[in-house]
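The next block holds one structure in the form of structure tokens; read it before the comments.
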């Protein structure tokens with residue numbers, strides 16, 4: 001996005017997360033180093049804004065890096081930016097961290113028709129907004145996880161602006177109130193994933209200038225960085241973390257191509273890593289594509305990772321289709337599951353209830369008939385019965401799903417965004433063979449510089465182990481006007 005009033009340009013995800021920004025003197029063609037990614041540079045020429053390797057940095061020599069070229073639009077700060085309409089355009093946004101096996105060919109891709117929009121409302125009054133910790137600056141909550149009724153973790157970032165990522169933020173529920181908890185130190189870092197095994201065994205996955213992970217042992221955080229292992233690529237980005245037993249598993253992505261990257265024709269690599277105290281990080285599986293989420297089931301030894309078979313930067317490309325990776329025998333064996341070939345499909349979350357009951361949710365990108373430069377997002381869900389994956393219709397026409405869990409009764413829940421209800425969190429409950437739809441109370445979202453961000457942008461949902469109580473977090477707005485919300489649904 002180009003802001004003509006402020007002479008700045010920025011690239012963002014659909015959920016408003018800043019990828020990078022730069023200042024630009026409009027009286028001349030300029031080449032500027034990225035403030036948050038010093039090994040990358042911006043170039044603005046003609047109608048294209050390019051994000052490309054900083055070849056003057058010797059660390060990039062001899063390496064293969066990607067380039068992102070996106071159309072550049074000039075607008076005033078009060079105007080609506082391209083890619084930020086209520087259509088949830090997904091061009092020029094951070095790759096959906098997903099992956100695909102090179103052994104998988106190029107199956108015929110089909111475009112399923114949108115399910116009939118139908119609301120089976122189970123009551124909005126069951127979800128309540130809970131007052132979070134007092135944060136002195138703008139903040140966004142990205143993930144939530146719980147170990148018990150008295151120990152719930154919500155993670156994200158605070159202090160982000162149009163030109164800066166901000167700092168990690170952690171809020172923790174003690175059974176009676178939310179308090180801001182100590183976060184790993186480090187400027188310009190944000191948290192993308194959290195996995196809690198116990199109150200003294202918590203893992204984070206995040207990114208800043210580099211990818212990082214951190215472990216909480218009950219008294220302090222200890223950071224771990226994959227780049228310290230010389231056998232791993234230093235350009236990896238983490239998207240999620242899941243713990244099985246004592247071993248954390250990470251979903252990540254590398255982006256390694258020289259030259260301009262064309263949608264669907266790049267060579268980004270989706271990567272699954274594990275960590276052990278004795279050996280540190282180790283790559284367990286790598287294949288073309290990218291990953292957004294990972295989950296691990298300790299009892300069965302299954303590990304599932306999901307995303308998109310399209311390229312790292314090819315958000316909205318027709319080459320995108322849902323991608324599911326399955327690790328068995330404790331992650332010693334991996335395969336790519338066959339999924340319905342949904343054109344433009346991307347999976348953003350996965351949850352295993354049992355060996356024959358696995359769910360994945362996300363969205364598919366469909367060309368906007370009114371604007372060829374935009375794509376529309378439509379929520380999708382998939383179910384695995386132990387033999388094959390099938391698509392389950394979602395009775396919401398426009399939006400996306402990003403949260404997934406199951407309560408103690410085995411009932412599956414999903415959370416996301418319904419663009420017909422921009423200020424409410426969308427909740428789905430699978431019951432009687434179909435999704436039942438409900439919404440949170442309307443959220444008091446701060447006024448935004450761009451009207452398109454006056455909405456919920458991202459959600460996450462978790463169960464409290466052993467109960468039917470659910471927690472959810474939602475991020476709203478963008479930049480200095482971001483605000484995170486926490487919601488709870490008491491078990492029946």
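In full-length UniProt numbering, the protein residues as written are 1 to 492. C-beta atoms are modelled at their ideal positions from N, C-alpha and C, and glycine is treated no differently.
For residue 381 and residue 360, I'd like the C-alpha separation in whole angstroms.
6 Å
For residue 429, count neighbouring Cβ atoms within 10 angstroms of its own Cβ and tell me buried if that reaches 16, exposed if not.
buried
Can you tell me the Cα-Cα spacing of residue 396 and residue 303, whole angstroms?
29 Å
Mind checking residue 134: buried by the 16 CB within 10 Å criterion, or exposed?
exposed
Using only alpha-carbon positions, find the residue among 221, 475, 353, 464 that is nearest to residue 515.
For the chain, the structure presents residues 1 to 492; residue 515 sits outside this window and is missing.
Tell me whether the stretch 436 to 456 and the stretch 373 to 388 touch, counting them as touching only if at least three CB pairs, one residue from each stretch, are closer than 8 Å.
no
Indicate whether residue 473 and residue 154 have their beta-carbon atoms separated by less than 9 Å.
yes
Name, in chain order, the residues that DSSP records as bridge partners for residue 212.
206
Can you grab the Cα-Cα spacing for the pair residue 325 / residue 208, in whole Å?
26 Å
Beta-carbon contacts of residue 137 that lie in its chain and below 7 Å, excluding the five residues immediately before and after
158, 159
Length of the line joining the Cα atoms of residue 148 and residue 372
Residue 148 and residue 372: Cα-Cα distance of roughly 48 Å.
At the 9 Å Cβ level, is residue 442 part of the contact set with chain B, yes or no?
In the structure shown, chain B does not exist; there is a single protein chain.
Please classify residue 269 as buried or exposed, where buried requires at least 16 other C-beta atoms within 10 Å of its C-beta.
It is buried - the Cβ of residue 269 has at least 16 other Cβ atoms within 10 Å.
Once the 5 residues before and after residue 166 are set aside, which same chain residues still bring their CB inside 6 Å of it?
Within the same chain, residue 166 has close Cβ partners 157, 158, 159, 160.
Give the DSSP-derived three-state secondary structure of residue 183 in the structure shown.
coil
Residue 126, DSSP secondary structure in three states
helix
Segment limits, beta strand (DSSP E) that includes residue 223
Where residue 223 is concerned, the enclosing beta strand (DSSP E) stretches over 221 to 224.
So if DSSP puts residue 326 in a beta bridge, which residue, or which two residues, is it bridged to?
Bridge partners of residue 326: 304, 335.
Given a threshold of 16 other Cβ atoms within 10 Å of its Cβ, counted over all protein chains shown, does residue 271 qualify as buried or as exposed?
buried
What span of residues does the beta strand (DSSP E) with residue 377 cover, start to end?
371 to 384
For residue 279 and residue 226, I'd like the C-alpha separation in whole angstroms.
11 Å
Euclidean distance between Cα positions of residue 315 and residue 377
Bear in mind that the predicted position of residue 315 carries a pLDDT of just 39, short of 50, making it unreliable; the figure below should be weighed with that in mind. Cα to Cα, the separation comes out at about 11 Å.
Please state the DSSP three-state secondary structure of residue 481.
helix
Selected residue, minimal CA-CA separation from residue 509, among 205, 423, 363, 176
With the chain running from 1 to 492 in the structure shown, residue 509 is simply not present.
From residue 77 to residue 446, what distance separates their C-alpha atoms?
Confidence in residue 77 is poor, its pLDDT being 31 and thus under 50, which makes the residue's placement too unreliable to answer from.
Check whether the Cβ atoms of residue 349 and residue 402 lie closer than 9 Å to each other.
yes
I believe residue 379 touches residue 345 by the beta-carbon criterion, under 8 Å. Please report the beta-carbon distance rounded to the nearest angstrom.
Between residue 379 and residue 345, the beta carbon gap of about 11 Å keeps them out of contact (Cβ cut-off 8 Å).
Is residue 479 buried or exposed, if buried means 16 or more other CB atoms sit within 10 Å of its CB?
buried
CA nearest to the CA of residue 488, picked from 477, 357, 481, 469
469
Should residue 293 go down as buried or exposed, given a rule of 16 or more other Cβ atoms within 10 Å for buried?
buried
Straight-line Cα distance separating residue 182 from residue 169
8 Å
Output the distance between the C-alpha atoms of residue 119 and residue 434, rounded to the nearest integer angstrom.
Annotation note: pLDDT 43 at residue 119 (below 50); position unreliable, no value reported.
Round the Cβ separation of residue 196 and residue 146 to the nearest angstrom and send it over; I've been treating them as touching at under 8 Å.
7 Å
Suppose you measure from the CA of residue 174 to the CA of residue 152; what does that come to, to the nearest Å?
7 Å
Would you mind reading off the limits of the beta strand (DSSP E) that contains residue 191?
190 to 198
Among 347, 471, 276, 482, which has the Cα closest to the Cα of residue 150?
471
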